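Inspection log for the structure reproduced underneath, given as structure tokens.
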DNA sequence: TACTGCACTTGCATATTGCAAGCACCTTGC
DNA sequence: GCAAGGTGCTTGCAATATGCAAGTGCAGTA
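Residue numbers (the numbering used here), protein chains in the order written: chain A, 1 to 145; chain B, 1 to 145.
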């Protein structure tokens, strides 16, 4: 019944991931930051899934506490706030994309074109690098205002 | 503010994934099936996170409805039940491992040895194939009783 | 000095969870 | 044939989390 032991162990990092990503709203906020270039409270609130404002505040605090986001004044407008992804969040990108590829395959009404998954499976490193670069571009553009 | 358009679109498969994996318990059940060779209600119930029995029943039904698990009589004991992963669930493995690699890096108290992540980053395809083979081995052993 | 926009907070009704018990259906032992 | 035990759930209820609407505090702006 127990699986044969592998040279490399297969234990509980899943639980750690589940604690962060095993929440619909955190998951979608990660998407908004990593894939849609969103950085402000208003932008997150405007996502089509319709997160409510108290939950958004709660999850932003959670993600900040977990070291996924940093909360900083908005360079464009000091009275406003930006949430930037940390390296930890950025490093989650390959996993996120991997899930998207899977979803694209199995969601019968996916909006993603076949070329998205194809591009990733063809050259995963290049695809990830492209998204990484986009994130850095957005953040650098913001921070150098 | 909006991200530059990419040749390959980056839309909403995330939401689809969030609907399944954006739930702590579904996520951990997937781990139990894909990585720990668990197949029965009792085994899931015994996982260290301590899922309660009503939630377990609810999530097993959900995962079955989503086409991730099939519910079949246990070949070892007709009165008992087995939950087997479908191809859809098995195809989630790369994403799951990708998250584990990330977690291993950032969880300060991870139980996973460095060699786990190293082995994966060195040759991802081989690592995934190994786990895939383990799953098939478990299921075939069960079904051929 | 009122007015507006932003980032939250608060209150409250509803939904989801966790915990403990119970139940129906086998199989097993005698 | 029948009590005992195992397995896969269901039920009831208290505690917690969520969704919705409204309100608050604080800059900047007119």
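Beta carbons are placed, not taken as given, at the ideal position from N, Cα and C, and that holds for glycine. All values reported here derive from a predicted model rather than from experimental measurement.
Integer-rounded CB distance, given that residue 127 of chain B should sit under 8 Å from residue 13 of chain A: The residue given as residue 13 of chain A occupies position 13 in the first chain. The residue given as residue 127 of chain B occupies position 127 in the second chain. No, residue 13 of chain A and residue 127 of chain B are not in contact; Cβ-Cβ is about 14 Å, not under 8 Å.
Test: residue 107 of chain A CB closer than 8 Å to a CB of chain B: For the purposes of this step, residue 107 of chain A is identified with residue 107 of the first chain, where counting begins at 1. At least one chain B Cβ lies under 8 Å of residue 107 of chain A.
For residue 123 of chain B, three-class secondary structure by DSSP: Residue 123 of chain B sits at position 123 when you count from the first residue of the second chain. In this structure, residue 123 of chain B counts as coil in the three-state DSSP scheme.
Buried or exposed by the 16-neighbour rule on C-beta atoms within 10 Å, applied to residue 136 of chain A: On the first chain, residue 136 of chain A is found 136 positions in, with the first residue counted as 1. Exposed: under 16 other Cβ atoms inside 10 Å.
Coil, strand or helix - residue 27 of chain B by DSSP: On the second chain, position 27 is the one that residue 27 of chain B refers to. Residue state, collapsed to three classes: helix.
Cβ-based burial, residue 23 of chain B [other Cβ within 10 Å; buried from 16]: In the second chain, counting from the first residue as 1, residue 23 of chain B sits at position 23. Buried, since its Cβ has 16 or more Cβ neighbours within 10 Å.
Cα-Cα separation between residue 89 of chain B and residue 37 of chain B, rounded to whole angstroms: If you number the second chain from 1, residue 89 of chain B lands on position 89. If you number the second chain from 1, residue 37 of chain B lands on position 37. The alpha-carbon atoms of residue 89 of chain B and residue 37 of chain B are separated by roughly 13 Å.
DSSP state of residue 14 of chain A mapped onto helix, strand, coil: Start at 1 with the first residue of the first chain, and residue 14 of chain A comes out as number 14. Reduced to three states, the DSSP call for residue 14 of chain A is helix.
Contact with chain B by residue 81 of chain A, beta-carbon distance below 8 Å: Within the first chain, numbered from 1, the residue matching residue 81 of chain A stands at position 81. So no, residue 81 of chain A is outside the interface.
Buried versus exposed call for residue 4 of chain B [16 or more other C-beta atoms within 10 Å across all chains shown]: In the second chain, the residue the question calls residue 4 of chain B occupies position 4. With a pLDDT of 39 at residue 4 of chain B, under the threshold of 50, the modelled position of this residue cannot be trusted; read the value that follows with caution. Looking at its Cβ environment, which holds fewer than 16 other Cβ atoms inside 10 Å, residue 4 of chain B is exposed.
DSSP-derived helix/strand/coil call for residue 73 of chain A: Stepping through the first chain from its first residue, residue 73 of chain A is reached at position 73. In the structure shown, residue 73 of chain A sits in a strand (DSSP, three-state: E or B).
At least 3 beta-carbon pairs within less than 8 Å: the stretch 29 to 36 of chain B vs the stretch 91 to 102 of chain B: yes
Element boundaries [alpha helix (DSSP H), containing residue 59 of chain B]: As a first step, residue 59 of chain B must be located in the second chain, where it is residue number 59. Unbroken alpha helix (DSSP H) run through residue 59 of chain B: 53 to 65.
Of the residues B/41, B/17, B/48 and B/129, the one placed nearest residue 84 of chain B, counting alpha carbons only: As a working note, residue 84 of chain B is residue 84 in the second chain. Closest by alpha carbon: B/41.
Between the CA atoms of residue 138 of chain B and residue 1 of chain A - distance to the nearest angstrom: Your numbering for residue 1 of chain A matches position 1 in the first chain. Your numbering for residue 138 of chain B matches position 138 in the second chain. Residue placement at residue 1 of chain A cannot be trusted, given a pLDDT of 33 that sits under 50; the coordinates are not used to answer.
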